[in-house]
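J.: First, the structure itself, so that you have it in front of you.
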Amino acid sequence: MGNEEAVFFSRALTELTLSFHIIYATIGVGVPLMIMIAQWVGIKKNDEHYILLARRWARGFVITVAVGVVTGTAIGLQLSLLWPNFMELAGQVIALPLFMETFAFFFEAIFLGIYLYTWDRFDNQKKHLLLLVPVALGASFSAVFITIVNAFMNAPQGFDIVDGKLVNIRPILAMFNPAMPTKVAHVVVTAYMTSAFVLAAIAAFRLLKGSDHIYHKKALHLTVKLGLVFSLGALLIGDLSGKYLAEYQPEKLAAAEWHFETEGEAPLMLYGVLDGQEVKYAIKIPFALSILAHSNPMAEVKGLNEYPADEIPPLYIHYLFDTMVSIGMLMIAVSGLYWLGSRLGWAFIRSRWFRWILFAGGPLSVLAVEAGWWYAEVGRQPWILRGIMKTPEGATTSGQVDLMLYLFALLYLVLGVGSVVVLRRMFRRNPVEREIADREAERIAEEKAKGGDPA
5 MGNEEAVFFS RALTELTLSF HIIYATIGVG VPLMIMIAQW VGIKKNDEHY ILLARRWARG
65 FVITVAVGVV TGTAIGLQLS LLWPNFMELA GQVIALPLFM ETFAFFFEAI FLGIYLYTWD
125 RFDNQKKHLL LLVPVALGAS FSAVFITIVN AFMNAPQGFD IVDGKLVNIR PILAMFNPAM
185 PTKVAHVVVT AYMTSAFVLA AIAAFRLLKG SDHIYHKKAL HLTVKLGLVF SLGALLIGDL
245 SGKYLAEYQP EKLAAAEWHF ETEGEAPLML YGVLDGQEVK YAIKIPFALS ILAHSNPMAE
305 VKGLNEYPAD EIPPLYIHYL FDTMVSIGML MIAVSGLYWL GSRLGWAFIR SRWFRWILFA
365 GGPLSVLAVE AGWWYAEVGR QPWILRGIMK TPEGATTSGQ VDLMLYLFAL LYLVLGVGSV
425 VVLRRMFRRN PVEREIADRE AERIAEEKAK GGDPA
């Protein structure tokens with residue numbers, strides 16, 4: 005296997021691993037907060053349905069955490085095996101956030117175990133709720149620290165280069181690089197948003213399948229509202245991300261928008277077809293690119309013709325950017341319409357066709373996260389460490405990477421199918437209607453044992 009083939013298979017395996025892992029990582033970051041909010045609402049309203057929501061979500065969450073551990077370990081392994089030159093160059097810099105990410109995960113896992121074990125051991129639910137705080141914090145900070153590594157790859161700083169090596173390393177400065185604030189905020193908030201819409205999709209599906217239980221209606225109402233809040237947050241952070249790109253990675257923004265000539269009053273291009281440097285059939289929003297880049301409709305935006313051809317990202321990232329943005333705007337519109345309709349009593353938000361849209365919002369949100377990560381990673385090309393090391397320079401020359409790709413693909417297939425089967429069986433064998441009835445029977449039995457009135 006030549007070096008070009010090794011680079012290709014290394015990139016393919018890394019993309020496969022990240023694409024699979026990001027599904028479970030996103031759920032792993034967002035669901036703990038959803039559980040905490042549901043339990044808090046249940047305590048505040050003295051509503052057992054929300055308490056049960058938290059309980060059932062927590063059971064499913066454990067399965068996704070288990071798969072996320074395997075895929076996260078695979079990423080760490082592949083960094084060393086597939087990108088040894090990159091790790092040799094930058095390993096000392098990114099070691100601190102990688103260690104802190106591991107610490108955050110164990111912090112989360114310890115308290116998650118205690119939380120699950122003590123469900124029926126607290127008379128005061130507020131004390132049990134407190135155990136979720138470190139779980140949610142650990143999950144979120146795990147995402148923060150691993151995203152800092154990715155941010156460093158986009159905006160490396162905090163070191164000097166002497167004889168091709170990074171020396172005088174200042175890890176805190178490296179961690180707090182210019183890409184960190186917007187990238188970290190965007191990853192965390194979109195994880196919350198996606199988790200909310202995935203849980204809303206599950207509730208909508210149960211309602212569509214004929215279960216008219218109030219439990220599912222409350223789950224849908226809560227998660228769609230949370231999805232609206234976090235999707236609006238993602239919109240705001242996305243705007244700030246555009247301004248970061250215009251300042252620090254202008255070639256990435258220009259490639260995403262097929263913006264070739266430096267000019268003011270730059271329009272935003274949605275979709276379309278590229279013919280040479282001519283964009284056909286696109287939806288053009290006047291001044292929008294200038295506003296996104298500089299908050300000024302007249303501002304000048306740098307075009308791709310300003311940069312060497314070998315430093316321009318692949319132009320198909322335009323479609324990845326459009327997919328991410330379009331789904332984000334769709335989910336804002338759908339969840340906003342649901343929220344407004346629930347306040348004004350509009351009947352159509354309870355119709356089957358609208359619930360099908362809410363159901364589709366779950367997988368669409370996951371697709372938006374995938375498209376966003378593909379855009380982030382492909383848009384950094386040709387660099388693995390921007391401005392310092394190109395991707396082929398960081399890759400292994402091993403002739404066994406193709407075999408690794410096939411073996412890891414098989415592993416991910418088993419994990420993906422297995423996790424879906426386990427989750428389906430877990431909840432199909434214990435539907436919420438049965439669990440509510442069982443818990444009510446337990447409550448009555450306890451009241452009788454105490455000599456009280458079960459009513």
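Quick note: my numbering has the sequence shown finishing at residue 459, numbered continuously throughout. Heads up, the beta-carbon is just placed ideally off N, CA and C, and yes, glycines get one too. All figures in this text were calculated on a predicted structure; none of them were measured in a lab.
What does the alpha-carbon distance come out to for the pair residue 152 and residue 56?
T.: Start at 1 with the first residue of the sequence shown, and residue 152 comes out as number 148. Start at 1 with the first residue of the sequence shown, and residue 56 comes out as number 52. Each residue's Cα considered, the two are about 35 angstroms apart.
J.: Looking only at its chain, what residues have a beta carbon closer than 6 angstroms to the beta carbon of residue 368, apart from the 5 residues adjacent to it on each side?
T.: Start at 1 with the first residue of the sequence shown, and residue 368 comes out as number 364. Contacts found: 331.
J.: Are residue 190 and residue 245 touching if we call contact CB-CB under 8 angstroms?
T.: On the sequence shown, residue 190 is found 186 positions in, with the first residue counted as 1. On the sequence shown, residue 245 is found 241 positions in, with the first residue counted as 1. Yes.
J.: For residue 326, count the other beta carbons within 10 Å of its own beta carbon; 16 or more makes it buried, fewer makes it exposed. Which is it?
T.: As a first step, residue 326 must be located in the sequence shown, where it is residue number 322. Under this definition residue 326 is a buried residue.
J.: Between the region 127–137 and the region 158–172, can you find at least three pairs of beta-carbon atoms closer than 8 angstroms?
T.: no
J.: Can the beta-carbon of residue 260 be found less than 8 angstroms from the beta-carbon of residue 322?
T.: In the sequence shown, residue 260 corresponds to position 256, counting from 1. In the sequence shown, residue 322 corresponds to position 318, counting from 1. Cβ atoms of residue 260 and residue 322: closer than 8 angstroms.
J.: Does DSSP put residue 326 in a helix, in a strand, or in coil?
T.: Reading the sequence shown from its first residue, position 322 is the one you call residue 326. Note: residue 326 maps to helix in three-state DSSP.
J.: Three-state secondary structure (DSSP) at residue 268?
T.: Start at 1 with the first residue of the sequence shown, and residue 268 comes out as number 264. Strand at residue 268.
J.: Decide if residue 15 is buried, meaning its Cβ has at least 16 other Cβ atoms within 10 Å, or exposed.
T.: Position 11 of the sequence shown holds residue 15. Classification for residue 15: buried.
J.: Spell out a yes or no on whether the region 32–41 and the region 419–428 are touching, meaning 3 or more CB-CB pairs, one atom from each, closer than 8 angstroms.
T.: No: fewer than three Cβ pairs fall under 8 angstroms.
J.: Tell me whether residue 331 counts as near the ligand MN, meaning its Cβ is closer than 7 angstroms to at least one heavy atom of that ligand.
T.: Looking at this structure, you won't find the ligand MN or any other ligand, since it has none at all.
J.: Whole-angstrom Cβ separation of residue 2 and residue 192, contact assumed at under 8 angstroms?
T.: The requested residue 2 does not occur in the structure, where the chain is confined to residues 5 to 459.
J.: Quick check for students: name the residue ranges of the beta strand (DSSP E) that lie wholly in the region 345–418, counting only runs of 3 or more.
T.: 387–389
J.: Please report the residue range of the beta strand (DSSP E) in which residue 284 lies.
T.: Taking the first residue of the sequence shown as 1, we reach residue 284 at position 280. 282–284 is the span of the beta strand (DSSP E), which, as asked, contains residue 284.
J.: Could you spell out where the alpha helix (DSSP H) holding residue 83 opens and where it closes?
T.: Sequence index remark: in the sequence shown, residue 83 carries index 79 (1-based). Note, residue 83: alpha helix (DSSP H), 52–86.
J.: Are the region 281–299 and the region 340–357 touching by the rule of at least three beta carbon pairs closer than 8 angstroms?
T.: no
J.: Taking only the alpha-carbon atoms, compute the straight-line gap between residue 91 and residue 101 and give it to the nearest angstrom.
T.: Residue mapping note: residue 91 aligns to position 87 of the sequence shown, counting from 1. Residue mapping note: residue 101 aligns to position 97 of the sequence shown, counting from 1. Taking the straight line joining both Cα atoms gives about 14 angstroms.
J.: Compute the Euclidean distance between the alpha carbons of residue 414 and residue 373, then round it to the nearest angstrom.
T.: By 1-based counting over the sequence shown, the position of residue 414 is 410. By 1-based counting over the sequence shown, the position of residue 373 is 369. Using only the alpha carbons, I get a separation of about 23 angstroms.
J.: Using a 10 Å radius around the Cβ and a threshold of 16 neighbouring Cβ atoms, would you call residue 272 buried or exposed?
T.: Position 268 of the sequence shown holds residue 272. By the neighbour-count rule (16 or more Cβ atoms within 10 Å), residue 272 is buried.
J.: With 16 other CB atoms within 10 Å as the buried threshold, where does residue 285 fall?
T.: One-based indexing of the sequence shown puts residue 285 at position 281. So residue 285 ends up on the exposed side.
J.: When the Cα atoms are used, what is the spatial distance from residue 5 to residue 427?
T.: As a first step, residue 5 is located in the sequence shown; it is residue number 1 there, counting from the start. As a first step, residue 427 is located in the sequence shown; it is residue number 423 there, counting from the start. Here the model assigns residue 5 a pLDDT of 47, short of 50, so the residue's position is not dependable, and the following value carries that caveat. Approximately 41 angstroms between the Cα atoms of the pair.
J.: Look up residue 112 in the DSSP assignment and give the residues it is bridged to.
T.: Residue 112 sits at position 108 when you count from the first residue of the sequence shown. Partner(s): none; residue 112 has no beta bridge.
J.: Within 10 angstroms of its Cβ, does residue 404 collect 16 or more other Cβ (buried), or is it exposed?
T.: As a first step, residue 404 must be located in the sequence shown, where it is residue number 400. With fewer than 16 other Cβ atoms within 10 Å, it is exposed.
J.: Check whether the Cβ atoms of residue 70 and residue 401 sit closer than 8 angstroms, and answer yes or no.
T.: The count along the sequence shown starts at 1 and reaches residue 70 at position 66. The count along the sequence shown starts at 1 and reaches residue 401 at position 397. No, the pair does not count as a contact, with Cβ atoms beyond the cut-off.
J.: By how many angstroms is the C-alpha of residue 307 removed from the C-alpha of residue 116?
T.: The residue labelled residue 116 in the question sits at position 112 within the sequence shown. The residue labelled residue 307 in the question sits at position 303 within the sequence shown. One C-alpha to the other measures close to 49 angstroms.
J.: Cα-Cα, which of 303, 185 and 276 is closest to residue 287?
T.: The count along the sequence shown starts at 1 and reaches residue 287 at position 283. Of the candidates 303, 185 and 276, the one whose C-alpha sits nearest the C-alpha of residue 287 is 276.
J.: Quick one: what's got a C-beta closer than 8 angstroms to residue 20's C-beta in the same chain, skipping five residues either side?
T.: In the sequence shown, the residue the question calls residue 20 occupies position 16. 409, 412, 413 and 416.
J.: Among residues of its own chain, excluding the 5 on either side of residue 149, which ones have a beta-carbon nearer than 8 angstroms to its beta-carbon?
T.: In the sequence shown, residue 149 corresponds to position 145, counting from 1. Counting only Cβ-Cβ distances below 8 angstroms, and skipping sequence neighbours, we find 101, 102, 104, 105 and 108.
J.: Does the Cβ of residue 142 have 16 or more other Cβ atoms within 10 Å, making it buried, or fewer, making it exposed?
T.: As a working mapping, residue 142 is identified with position 138 in the sequence shown. Residue 142 is buried by the Cβ-count criterion.
J.: Would you kindly report the start and end of the unbroken beta strand (DSSP E) that includes residue 289?
T.: For the purposes of this step, residue 289 is identified with residue 285 of the sequence shown, where counting begins at 1. From DSSP, the beta strand (DSSP E) with residue 289 extends over 287–289.
J.: Where residue 320 and residue 387 are concerned, what is the direct C-alpha to C-alpha distance, given to the nearest angstrom?
T.: Walking along the sequence shown from the start, residue 320 turns up at place 316. Walking along the sequence shown from the start, residue 387 turns up at place 383. Rounded to the nearest angstrom, the gap between the Cα atoms of residue 320 and residue 387 is 17 angstroms.
J.: Please state whether DSSP places residue 233 in a helix, a strand or coil.
T.: Mapped onto the sequence shown, residue 233 falls at position 229. Correct three-state label for residue 233: helix.
J.: If distances are taken between C-alpha atoms only, which option among 77, 163 and 33 comes closest to residue 139?
T.: In the sequence shown, the residue the question calls residue 139 occupies position 135. Nearest option by C-alpha distance: 33.
J.: How many Å lie between residue 371 and residue 432 at the Cα?
T.: In the sequence shown, the residue the question calls residue 371 occupies position 367. In the sequence shown, the residue the question calls residue 432 occupies position 428. Using only the alpha carbons, I get a separation of about 26 angstroms.
J.: Where do the ends of the beta strand (DSSP E) carrying residue 206 lie?
T.: In the sequence shown, residue 206 corresponds to position 202, counting from 1. Membership of residue 206 in any beta strand (DSSP E) is not indicated; the residue belongs instead to the alpha helix (DSSP H) covering 184–212.
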